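Here the protein sequences line up with chains B and V, keeping their order.
Just so we're aligned: 66 in numbering that gives the first Met the number 0 is position 67 of the first sequence, and the numbers increase by one with no gaps anywhere.
Just so we're aligned: 194 in numbering that gives the first Met the number 0 is position 195 of the second sequence, and the numbers increase by one with no gaps anywhere.
Every residue, glycine too, gets a C-beta built ideally from N, C-alpha and C.
Quick caveat: nothing in here was measured; it's all calculated off a predicted structure.
Below: one structure, written as structure tokens.
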Amino acid sequence: MNFTILGATQGMGQALARLISSRGDALFLLGNDRQELESCARDLEARSGYPVAGMALCDLRQPKEFPLVLDEARSKLGRLDSVVVTAGIFHAQEAMEKESNLARDLLTIDFTNTILFCEEARKRLLEDGGGTLCVFSSVAGDRGRKPVILYGAAKAGLSNYLEGLDHKFRSRGLVTICVKPGFVKTGMTAGLKPPPFAGEPEPVARMVLSAIDSGKPQVYVPGVWRWVMFVIRLLPRFVMRRIGF
Amino acid sequence: MLSGWGRIFRPGHSVYAHDLEKASRQAVLFRGLGRSYGDSALPPASEPVVVATPLADKIRFFERETGLIRAEAGLSLHELNRLFLRQGWFVPVSPGTQFVTLGGMVAADVHGKNHHVDGCFGDHVESIKMRVADGRIIECSMDHETELFLATIGGMGLTGHVLEVEFRLRRVPTPWIWQETRRIGGIESFIGALKVAAGKWPFTVGWIDCLSRHRAMGRGILMCGRWATADEAPANPPPFLRSIAVPFVFPQIALNYWVVRLLNMVYYRVHGSRSKQGIVHPEKFFYPLDMVLEWNRIYGHRGFTQYQCVLPENGDCSITRNFFDLLTRLGCASFLCVIKDCGPEGRGMISFPMPGISVALDIPVRPGIQVTIDTLNKFVISAGGRIYLSKDSFMRPEHFRAMEPRLDSWMAVRQKWNPEGKIRSAQSVRLLGDLP
């Protein structure tokens, strides 16, 4: 099996790449910084002893490049088996409320462009006879919540898209997996205070990989978030309105 | 709020950095996994932010022929062992926990059960890449900027920020340990037994029941080990162990004198009088305390300190005996009391170990702890020994000066590379008079 990962240079993407590399599966890395990509590739090779199949620059701000980099990955790997998207950005809600450019930035990257990337990946996976598209959404998309209104909206849209994709194309061999991380301690959340149930990237990566292996369409990581969000989804509106969560 | 492993909290927080080169430009101090007990990895009050390195854990290269490895400072020993131990590679020197980073191992110049033959971790480091106070990035080694290199090994991160470390992993015949444990009846025989074992075993350490008195004073269990040979070791690699975590902070009285005394007695008695030997899991041998995550919570809300000193030997063990006498008189009840013979001083200009006997014990914080520590420090000074800065929260600057004749020459090098003490810690404020 081979994997193409967008966002492999940081956080959960990096942890996932390390895990995949350690079992000897072929890896194609996509990221937005040439130097980071190269140092990641060397890190993976040093850890696992297996070479990285290839890498290419890919920035979620530049949707025009998506077809090109995916074609490059496909030609290096022979065919695409699994495409994973862990990349995304986060801005604080207050900052985006003040500065609409930040809001546009987040909505464009986390919603529009992520979906455009998935569309390009979907086409190629289907051409190759199916495979797995695994995309990192967020628990923030499960319910409209005060601290993450815009981020949550983008992720809610993304989760919906992924569910639709899974319903439509699973019969044709394309498995779509929506990963919903709760709080995970990575570079993206480095400035925030970890809440209860905060997870580490490494166990999260293990759960995601086993979901990919078994074709589970939706996975909450760490697992406890499945139950946390179950409760949150059940809360009536008047309660959600009052609490700060 | 932020604390060392001893859970004595101070104002401050840590910011995790992915890119150490970027984060080091303005940083006052780097912090690894926060396993130093005291205030070594805590920021000064006026600049209360430390840069936490554990996210920067990329390996730059690993030569599978020679074992030469270079990695970012945030790489943990736990990760190194997970990746390479089962392939037959191990660090030349390992401390008693694997939850430490390479940067921390250099800064504290950690020692381990093989100090009597292999010295400290810093004795095996080939090269260090660091950011110094004037903003330059310097690669230092025995051939280049040697002074900075030697002052950084054991320099508690005060000469500059460690960005990358290069050293050599060692080939081990199997990833399993052959261990022999034996009960020892008192302090004199313990020191004698450590000396004899040092000639035969690469790894030795002792646990001491420091509440036993009179003739039984210093009784305990001696643990010796070596890497198992291929025909002794099980065919399978050692399994990845599951650990449990202490779920909450214990009440202050949980580990009182009588509880500790009982635990110590049980631990000593359960071993039995005959020596035991056999194959053990390497992680159980090197890192027994890592099996219980967050074990520092057992000392309650006020936290604790660890007191570790090394005492020179004078032939008749009287210094160590007097030290244990003093401990008993001060009522230092500790479940964890570790004794180890140290080999020669290493290359680190201000590293802790020196030839003699090292004793480490936990002391819960309580009223009067400053007096206790002062008394112990005065004893160590008069004996010509010294204490381990990575464990310390309470030492007075005048005591540090008195026990550290090497301080002036180290300070001269630090002065050269970090002239205004821009890079500093809560500990350096306390001990070296840096700007608070």
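Cβ of residue i within 9 Å of any chain V Cβ
i, result
"residue 75 (chain B)", "no"
"residue 184 (chain B)", "yes"
"residue 94 (chain B)", "no"
"residue 42 (chain B)", "yes"
"residue 38 (chain B)", "yes"
"residue 189 (chain B)", "yes"
"residue 246 (chain B)", "Here chain B comprises residues numbered 0 to 244, so residue 246 (chain B) is not present and cannot be evaluated."
"residue 48 (chain B)", "yes"
"residue 7 (chain B)", "no"
"residue 86 (chain B)", "no"
Start-to-end residues for the beta strand (DSSP E) that takes in residue i
i, result
"residue 363 (chain V)", "355 to 363"
"residue 13 (chain V)", "12 to 15"
"residue 114 (chain V)", "No beta strand (DSSP E) contains residue 114 (chain V), which is instead part of the alpha helix (DSSP H) from 114 to 117."
"residue 150 (chain B)", "No beta strand (DSSP E) contains residue 150 (chain B), which is instead part of the alpha helix (DSSP H) from 148 to 168."
"residue 180 (chain V)", "176 to 183"
Residue i at chain B interface by Cβ criterion, 9 Å
i, result
"residue 61 (chain V)", "yes"
"residue 14 (chain V)", "yes"
"residue 54 (chain V)", "yes"
"residue 415 (chain V)", "no"
"residue 430 (chain V)", "no"
"residue 82 (chain V)", "yes"
"residue 21 (chain V)", "no"
"residue 57 (chain V)", "yes"
"residue 17 (chain V)", "yes"
Beta-ladder partner(s) of residue i, from DSSP
i, result
"residue 3 (chain B)", "B:27 and B:82"
"residue 36 (chain V)", "Note: residue 36 (chain V) sits in no beta bridge, so no partner."
"residue 220 (chain B)", "B:180"
"residue 163 (chain V)", "V:71 and V:128"
"residue 340 (chain V)", "V:356"
"residue 319 (chain V)", "Partner(s): none; residue 319 (chain V) has no beta bridge."
"residue 51 (chain B)", "According to DSSP, which records beta bridges pairwise, residue 51 (chain B) is partnered with nothing at all."
"residue 134 (chain B)", "B:84 and B:177"
"residue 244 (chain V)", "V:292"
"residue 306 (chain V)", "V:360"
"residue 89 (chain V)", "V:169"
"residue 207 (chain V)", "V:219"
"residue 277 (chain V)", "V:178"
Cα-Cα separation between residue i and residue j, rounded to whole angstroms
i, j, result
"residue 176 (chain B)", "residue 217 (chain B)", "6 Å"
"residue 375 (chain V)", "residue 189 (chain V)", "21 Å"
"residue 315 (chain V)", "residue 192 (chain V)", "14 Å"
"residue 275 (chain V)", "residue 222 (chain B)", "42 Å"
"residue 27 (chain B)", "residue 296 (chain V)", "44 Å"
"residue 408 (chain V)", "residue 204 (chain V)", "32 Å"
"residue 154 (chain B)", "residue 219 (chain B)", "14 Å"
"residue 220 (chain V)", "residue 263 (chain V)", "11 Å"
"residue 1 (chain V)", "residue 189 (chain B)", "15 Å"
"residue 53 (chain V)", "residue 335 (chain V)", "27 Å"
"residue 412 (chain V)", "residue 197 (chain V)", "35 Å"
"residue 350 (chain V)", "residue 184 (chain B)", "33 Å"
"residue 36 (chain B)", "residue 17 (chain V)", "14 Å"
"residue 18 (chain B)", "residue 239 (chain V)", "15 Å"
"residue 71 (chain V)", "residue 209 (chain B)", "29 Å"
"residue 168 (chain B)", "residue 174 (chain B)", "7 Å"
Span of the alpha helix (DSSP H), counted from its first residue to its last, around residue i
i, result
"residue 225 (chain V)", "No alpha helix (DSSP H) contains residue 225 (chain V), which is instead part of the beta strand (DSSP E) from 219 to 226."
"residue 11 (chain B)", "10 to 21"
"residue 368 (chain V)", "368 to 382"
"residue 266 (chain V)", "256 to 270"
"residue 120 (chain V)", "Unbroken run through residue 120 (chain V): none, as it is neither H nor E."
"residue 115 (chain B)", "113 to 126"
"residue 103 (chain B)", "99 to 106"
"residue 427 (chain V)", "425 to 431"
"residue 210 (chain B)", "200 to 213"
"residue 414 (chain V)", "406 to 416"
> Touch check for the segment 196 to 204 of chain B and the segment 160 to 168 of chain B: three-plus C-beta pairs under 8 Å?
Replying inline: no
> Taking one C-beta from the segment 101 to 114 of chain V and one from the segment 338 to 353 of chain V each time, how about it: are there three or more such pairs within less than 8 Å?
Replying inline: yes
> With a cut-off of 8 Å, do at least 3 Cβ pairs link the segment 88 to 99 of chain B to the segment 116 to 125 of chain B?
Replying inline: no
>> Quick check: the segment 220 to 238 of chain B against the segment 179 to 196 of chain B, are at least 3 beta-carbon pairs closer than 8 Å?
In response: yes
>> Using a Cβ distance threshold of 8 Å, determine whether the segment 234 to 242 of chain B contacts the segment 30 to 48 of chain V, with at least three qualifying pairs required.
In response: no
> Three or more beta-carbon pairs under 8 Å between the segment 294 to 311 of chain V and the segment 225 to 241 of chain V, yes or no?
Replying inline: no
> Counting pairs of Cβ atoms below 8 Å between the segment 197 to 210 of chain V and the segment 118 to 126 of chain V, do you hit three or more?
Replying inline: no
>> Between the segment 3 to 17 of chain B and the segment 69 to 89 of chain B, can you find at least three pairs of beta-carbon atoms closer than 8 Å?
In response: In short, these stretches touch, since the Cβ pair count reaches three.
> Quick one: any contact between the segment 139 to 146 of chain V and the segment 386 to 395 of chain V, if contact means 3 or more CB pairs under 8 Å?
Replying inline: no
> Is the segment 175 to 188 of chain V close to the segment 93 to 104 of chain V, with three or more CB pairs under 8 Å?
Replying inline: no
> Three or more beta-carbon pairs under 8 Å between the segment 154 to 165 of chain V and the segment 275 to 285 of chain V, yes or no?
Replying inline: no
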